[in-house]
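Numbering (the numbering used here), first residue to last: 791 to 1097.
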């Protein structure tokens, strides 16, 4: 016997966020399969177990409209996608957005820059499904987006608006990316951090801050740099050593009090990956790869990204 449900309905029933339900499904904690009409199917026995876990009584009866055999057939289908004529968007990640978006404007109400340049998240989604890719890529509105995710959080149809924004950014030619963001990405690739701080200056600053910390409140403290075998590798937001170096001490005081084994890297220590925000996948992979190399080089087990 199968139980059919929508993510939003199940989330409301058990008093959790709909993303929690999705995480349960993706992690296998909740054994459910995609069904027709943006619904999911699970065995009624599993639904009963979930109710027991939350101390609830099942409020619906199982539907036997879909058998496990029919569900298995849906999974194994190898039919070719139906080709239809019309405008095709390279930006709309899911063609179903054209139907699932209710054009209700809830996303626009939640957006902190709604109305700037005459645009808002609702219009951006509609432009994408209508194939207005060129207009979206040329627009500066996606670059003014803070990527806060409030639009996606409030969307009743679960449109992946933040992913769409990043797709739009990634489609623009790198030479046309707004100056400060592109400059930061290039600087990080060339010099190891977003603000181009030289290695010697960074090491000197960290050692000097360590001496101040030892004098003020942490006797015997010495800034660990390139310590092989330390448990935690700590990355740094380059704006801190550049303009707010004392802010770095707060983390260090915690490590000192906890007796933690940690270290900084003398190079490629940048913890803010601007490739993520600019839509530059290759740059993002390079920056992440450098951090992974530091983890291996120093034989650290835990990575800390203070951001």
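The beta-carbon is built from N, C-alpha and C at its ideal position, and this holds for glycine as well.
With a minimum length of 4 residues, the unbroken runs of alpha helix (DSSP H) contained wholly in the region 967-1019 fall at 969-981, 989-1006. Excluding the 5 residues flanking it on each side, residue 931 has same chain C-beta neighbours closer than 6 Å at 907, 909, in chain order. Of the other Cβ atoms in all chains shown, 16 or more fall within 10 Å of the Cβ of residue 1053; this residue is therefore buried. Annotated three-state conformation of residue 830 is strand, per DSSP. Of the other Cβ atoms in all chains shown, 16 or more fall within 10 Å of the Cβ of residue 992; this residue is therefore buried.
A Cβ-Cβ distance of about 19 Å is found for the pair residue 990 and residue 1088, leaving them out of contact under the 8 Å criterion.
Of the residues 917, 970, 897, the one whose Cα lies closest to the Cα of residue 938 is 897. If you ignore the 5 residues before and after residue 844, its C-beta comes within less than 7 Å of the C-beta of 804, all in its own chain and listed in chain order. When rounded, the separation of the alpha-carbon atoms in residue 994 and residue 960 is 37 Å. Closest by C-alpha distance to residue 1006, out of 1042, 983, 974, 1025, is 1042.
When secondary structure is reduced to three states using DSSP, residue 1067 falls in the helix class.
The straight-line gap separating the alpha-carbon atoms of residue 1096 and residue 980 is approximately 23 Å. The beta-bridge partner set that DSSP reports for residue 793 consists of 832.
By the Cβ neighbour-count rule, residue 1061 is buried, with 16 or more other Cβ atoms within 10 Å of its own.
Contact fails between the region 973-988 and the region 919-933, because fewer than three Cβ pairs, one in each stretch, are under 8 Å apart. Taking 4 residues as the minimum length, the alpha helix (DSSP H) runs contained wholly in the region 872-940 are 887-890, 896-900, 911-919, 923-928, 931-934, in order along the chain. Secondary structure note for residue 1023: its beta strand (DSSP E) is the uninterrupted segment 1022-1024. Leaving aside the five residues that flank residue 822 on each side, the residues in its chain whose CB is nearer than 6 Å to its CB run, in chain order, 815, 830, 832. At least 7 Å separates the beta-carbon of residue 808 from that of residue 817. Counting the other CB atoms within 10 Å of its CB gives residue 957 a total of 16 or more, which places it among the buried residues. Classified as exposed, residue 1047 has fewer than 16 neighbouring CB atoms from the shown chains inside 10 Å of its CB.
Excluding five sequence positions before and after residue 1063, the CB atoms of its chain that fall closer than 7 Å to its own CB belong to 1074, 1077, 1078, given in chain order. The beta-carbon distance between residue 1080 and residue 1058, rounded to whole angstroms, is 4 Å. This is short enough to meet the 8 Å contact definition. In this structure, residue 826 sits away from residue 838, with a CB-CB distance that is not shorter than 7 Å.
Excluding its 5 nearest sequence neighbours in each direction, residue 904 has C-beta neighbours in its own chain below 8 Å: 898, 910, 911, listed in chain order. Residue pairing from DSSP leaves residue 1075 without any beta-bridge partner. Between residue 984 and residue 1028, the CB-CB gap stays under 7 Å. When DSSP states are grouped into helix, strand and coil, residue 824 belongs to the strand group. Beyond the five residues adjoining it in sequence on each side, residue 812 comes within less than 8 Å, by CB distance, of 797 in the same chain, given in chain order.
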